[in-house]
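Novice:
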C-alpha cells in the first residue's frame, strides 16, 4: 500500500489505479519509459515525473508487504502544481488528468506540427485530426489512453453541418434523474444525447451568414485500449458549493459493449471492455475519503480483486461496484499490447 502523507488519499487512489493498468505497469516495470524521456520539453519536468512514478510502481510490485511513502513523487508533483501538495483534499479525477498529462509531457516523442488538409469525408477528417494530435503530442500515454470524439453542429434552419474531431482522455458522463434507469449505459446515452444550444451559445452558420440556433451531437469515433469513465457525482451551486450525488450506478464488470456509441463505420478493434479498477469516493464533500478497487491481470484474465485504502491492501469481500464508484478504468478485450 501507500502511506497517507496528509490528505493524500486522492493521490494514492490514482497511483494504485494506474499502477494496476496492465500496459502502463508493464511499460514502467520493463523500464521502456527510459527510451522516451524528453528532457527538453518545457511542458514537462525533464523526466522527473516519469522516474518518480517508476519508483512508486516498482515498489508496489516488488513483493514487499510494507507500506511505501511516496514523498519523492509528491515533491515532483509540487514542482508543477503546488495545489496537490497543500495538505488539502482534492478531486481524484483532476489529479488523474494532471498525472497522465505530466507523464505524457515527460515522455512526449512528437517531432513537430502536422499539416491538416481539408478533406470532405469524415474518415479522412478524423484520421487527419488524429495525426495532427499525435504529431504534437505523441507518447505511450496518448497511444493507450487517448480516444477521439466527434462533435457535430447542425443549423436548425438550413441544416448546414459542421463536424470536428477532438481527442479525449476520459469520458465525464452525467448521472440519470432519480426516476430513470440507473446504469452506465443510461449515463453514456445522456453523454451523447443531442442538445439544442441556447441563444447565448448560438452558432455562426456559414450558409445563413449569421449566428443561428443549432443542435449539437456528440459521438465517439475512436476508443482507446484503456477507457476511463468518470461519473459526474459532484455538482456546482453558485459556482462555489458542490453537492454530491450518491446514487448507485449499475455497470458491467465484464464485456461492456461500446459499439453502439462509436460512430466510426470502419471499426476494426474490439468494442468490448472489462473493468479492472474503480476509484471510490466515500462520504460527502467535506471529510470524504478515496479508495481504489483493482483487479490483477493473469494470463489475459482479470481476477483477484483487492481494495487499496492508503497503506492497507485487502482482498475485496463485497460487490465490486457500489454507490461510491467515481472513476472506472476499463481494458479493451484482446488488447494486443497486453496479451500478444
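Numbering (my numbering), first residue to last: 86 to 425. Each residue gets a CB set at the ideal place from its N, CA and C atoms; glycine is no exception.
1. In three-state terms, what does DSSP make of residue 149?
2. Can you pull the DSSP bridge partners for residue 410?
3. For residue 109, which residues from the same chain have a beta carbon less than 6 Å from its beta carbon, with the 5 sequence-adjacent residues on both sides left out?
4. If you check the beta carbons only, do residue 101 and residue 377 fall under 8 Å apart?
5. Can you give me the Cβ contacts of residue 192 inside the same chain, cut-off strictly under 7 Å, excluding the 5 residues immediately before and after it?
6. Expressed to the nearest angstrom, what Euclidean distance is found between the alpha-carbon atoms of residue 199 and residue 267?
7. For residue 401, collect the residues of the same chain with a Cβ closer than 8 Å to its Cβ; drop the 5 residues on either side in sequence, then sort them by chain order.
8. Can you give the Cα-Cα distance for residue 234 and residue 413, rounded to whole angstroms?
9. Can the beta-carbon of residue 111 be found less than 8 Å from the beta-carbon of residue 373?
10. Classify residue 365 as buried or exposed, calling it buried when 16 or more other Cβ atoms lie within 10 Å of its own Cβ.
11. Name the two residues that bound the continuous alpha helix (DSSP H) containing residue 103.
12. Please work out which residues of its chain come closer than 6 Å, Cβ to Cβ, to residue 190, disregarding the five sequence neighbours upstream and downstream, and give them in chain order.
13. Which residues bound the alpha helix (DSSP H) around residue 111?
14. By the DSSP assignment, the alpha helix (DSSP H) with residue 235 in it spans what residues?
15. Which residues in the same chain have their Cβ closer than 8 Å to the Cβ of residue 415, if we skip the five residues on either side of it in sequence?
16. How many angstroms separate the CA atom of residue 316 from the CA atom of residue 294?
17. Alpha carbon to alpha carbon, what distance is there between residue 176 and residue 162?
18. For residue 332, count neighbouring C-beta atoms within 10 Å of its own C-beta (all shown protein chains included) and say buried if the count is 16 or more, exposed if not.
19. Taking its Cβ as the centre, do 16 or more other Cβ atoms sit within 10 Å of residue 363, making it buried, or is it exposed?
Specialist: The answer reads as follows:
1. Walking along the chain shown from the start, residue 149 turns up at place 64. In this structure, residue 149 counts as coil in the three-state DSSP scheme.
2. The residue you call residue 410 lines up with position 325 of the chain shown. 365, per the DSSP bridge assignment.
3. Against the chain shown, residue 109 aligns to sequence position 24. Correct list, in chain order: 103.
4. Counted from its first residue, the chain shown places residue 101 at position 16. Counted from its first residue, the chain shown places residue 377 at position 292. Taking 8 Å as the Cβ cut-off, residue 101 and residue 377 qualify as a contacting pair.
5. Taking the chain shown and counting its residues from 1, one reaches residue 192 at position 107. So the list reads 118, 121, 122, 123, 135, 224, 225 and 226, once near-sequence residues are dropped.
6. Against the chain shown, residue 199 aligns to sequence position 114. Against the chain shown, residue 267 aligns to sequence position 182. Bear in mind that the predicted position of residue 199 carries a pLDDT of just 41, short of 50, making it too unreliable to give a figure here.
7. Start at 1 with the first residue of the chain shown, and residue 401 comes out as number 316. Here the set comprises 378, 390, 391 and 392.
8. Here the question's residue 234 lines up with position 149 in the chain shown. Here the question's residue 413 lines up with position 328 in the chain shown. Distance between the alpha carbons of residue 234 and residue 413: 19 Å.
9. For the purposes of this step, residue 111 is taken as the residue at position 26 of the chain shown. For the purposes of this step, residue 373 is taken as the residue at position 288 of the chain shown. Not in contact: residue 111 and residue 373 (Cβ atoms no closer than 8 Å).
10. What you label residue 365 is simply residue 280 of the chain shown in a count that begins at 1. The residue is buried, with at least 16 neighbouring Cβ atoms inside 10 Å.
11. Residue mapping note: residue 103 aligns to position 18 of the chain shown, counting from 1. Segment 94-104, the alpha helix (DSSP H) holding residue 103.
12. If you number the chain shown from 1, residue 190 lands on position 105. 126, 128 and 129.
13. By one-based count along the chain shown, residue 111 stands at place 26. That run of the alpha helix (DSSP H) goes 107-114.
14. For the purposes of this step, residue 235 is identified with residue 150 of the chain shown, where counting begins at 1. That residue, residue 235, is in no alpha helix (DSSP H); its beta strand (DSSP E) goes 232-240.
15. Sequence index remark: in the chain shown, residue 415 carries index 330 (1-based). Same-chain partners within the cutoff: 311, 312, 313, 314, 341, 358, 359, 360 and 361.
16. If you number the chain shown from 1, residue 316 lands on position 231. If you number the chain shown from 1, residue 294 lands on position 209. Going from the Cα of residue 316 to the Cα of residue 294 covers about 39 Å.
17. Sequence index remark: in the chain shown, residue 162 carries index 77 (1-based). Sequence index remark: in the chain shown, residue 176 carries index 91 (1-based). Cα to Cα, residue 162 sits roughly 15 Å from residue 176.
18. As a position in the chain shown, residue 332 is number 247, starting the count at 1. Counting Cβ neighbours within 10 Å, residue 332 comes out exposed, since fewer than 16 surround it.
19. The sequence position of residue 363 within the chain shown is 278, counting from 1. Counting Cβ neighbours within 10 Å, residue 363 comes out buried, since at least 16 surround it.
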